[in-house]
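Read the sequence shown against this note's numbering and you will find it ends at 256, with the numbers running on by one and no gaps.
For every residue, glycine included, the Cβ atom is placed at its ideal position computed from N, Cα and C.
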Amino acid sequence: MSGAPGHGGRLGRRLSAVAVGVGCVLFLGGFVLAAFLYQPYTVPTNSMSPAVMAGDRVLAQRIDGSEVRRGDVVVFRDALWGDSPMIKRVVGVGGDTVACCDEGGRLTVNGEPIVEPYVEEAQGAAGVGFEATVPDGEIFLLGDDRVDSLDSRNLMTESDPGTVPLTAVSGRVEATVWPFDRLGVLPAASGFAELPGGVSGAGPLRPLAYATVAGGLLIVCGALSGPVVGRLTRARSDRHGVPTPPVAHNEGTHG
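Pasting the structure below:
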């Protein structure tokens, strides 16, 4: 009977240590993988509003051009667009004919009208009409703010459709992480889903975030449970009459 409380205390401490160990693996693993797979960027303009606003801090999954799909919000760098990385939405890939607008005022890709809920209805799909055929290995890009965005429309000429090579792409924006009131994953561009190739699936950001948060909670709970288990073990020992070590007292010497 007297060994039961001590055994329970040892088991509790072991469980606490296991919780902390598992928590460290989840927390560090999620954090390191996220840092390896994602790159943060600060958005300088409102050309992608309302989905992404000036001053937003976003996370972009590191990808190459072969992974780009219509509807992706991509990070790219091209000399014709300036010296800094740019963020725009892909509306056409190699072989596509992108045009605006149909009778309903919508963007069309290969003659198919595209529903774009991320574009403010009052703006419409574009300020002026256009049509461009995208060369193989390139992409046609638009800002979500169709009134105030420097994009492929502005770079179109009679001999150049204003496109960007796939090799210029370095990332796909998946979420806004700052400010906190705009924290969240960008919605999928489902309007392109029925076109050949479909749209990009969700990246690993959510699972990595869940793993990191769960790991942090396990570390905290495991660390706090150690002292709690110790107090409970001592309390059970007292109830079961298990003697506690005597406290030594100094006795004075009488002459």
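Quick check: what's the CA-CA separation for residue i versus residue j?
| i | j | result |
| --- | --- | --- |
| Leu142 | Asp182 | 28 Å |
| Leu29 | Arg207 | 15 Å |
| Pro136 | Gly217 | 48 Å |
| Thr254 | Ile220 | For Thr254, the predicted structure reports a pLDDT of 42, less than 50, and the residue's modelled location is therefore unreliable. A value from the coordinates is still provided. Taking the straight line joining both Cα atoms gives about 52 Å. |
| Ala100 | Ala35 | 37 Å |
| Leu156 | Phe131 | 12 Å |
| Leu27 | Ala18 | 14 Å |
| Gly105 | Val214 | 45 Å |
| Tyr211 | Gly172 | 22 Å |
| Val76 | Val178 | 16 Å |
| Val170 | Asp97 | 18 Å |
| Asn111 | Asp103 | 12 Å |
| Ser153 | Ala189 | 22 Å |
| Leu151 | Val23 | 48 Å |
| Cys222 | Leu16 | 11 Å |
| Arg14 | Ala20 | 10 Å |
| Met258 | Val92 | Outside the shown range of the chain, which is 2 to 256, sits residue 258, and nothing can be said about it. |
| Val44 | Ser85 | 11 Å |
Using beta carbons (cut-off 7 Å, strictly below), is residue i in contact with chain C?
| i | result |
| --- | --- |
| Gly172 | Of the protein chains in this structure there is only one, and it is not chain C. |
If you run the structure through DSSP and keep just helix, strand and coil, what is residue i?
| i | result |
| --- | --- |
| Pro114 | strand |
| Thr109 | strand |
| Leu143 | strand |
| Ala20 | helix |
| Ser191 | helix |
| Pro162 | coil |
| Ser153 | helix |
| Arg71 | coil |
| Thr46 | coil |
| Tyr39 | strand |
| Arg78 | coil |
| Ser171 | strand |
| Ser3 | At Ser3, the pLDDT of 47 sits below 50, so the modelled position is not reliable and the matter cannot be decided from this model. |
| Leu27 | helix |
Would residue i and residue j be called neighbours here (beta carbons separated by less than 7 Å)?
| i | j | result |
| --- | --- | --- |
| Gly192 | Ile88 | no |
| Val148 | Gly163 | no |
| Glu195 | Gln62 | no |
| Leu108 | Ala126 | yes |
Validate contact between the region 195 to 205 and the region 68 to 88 using beta carbons, cut 8 Å, 3 pairs: yes
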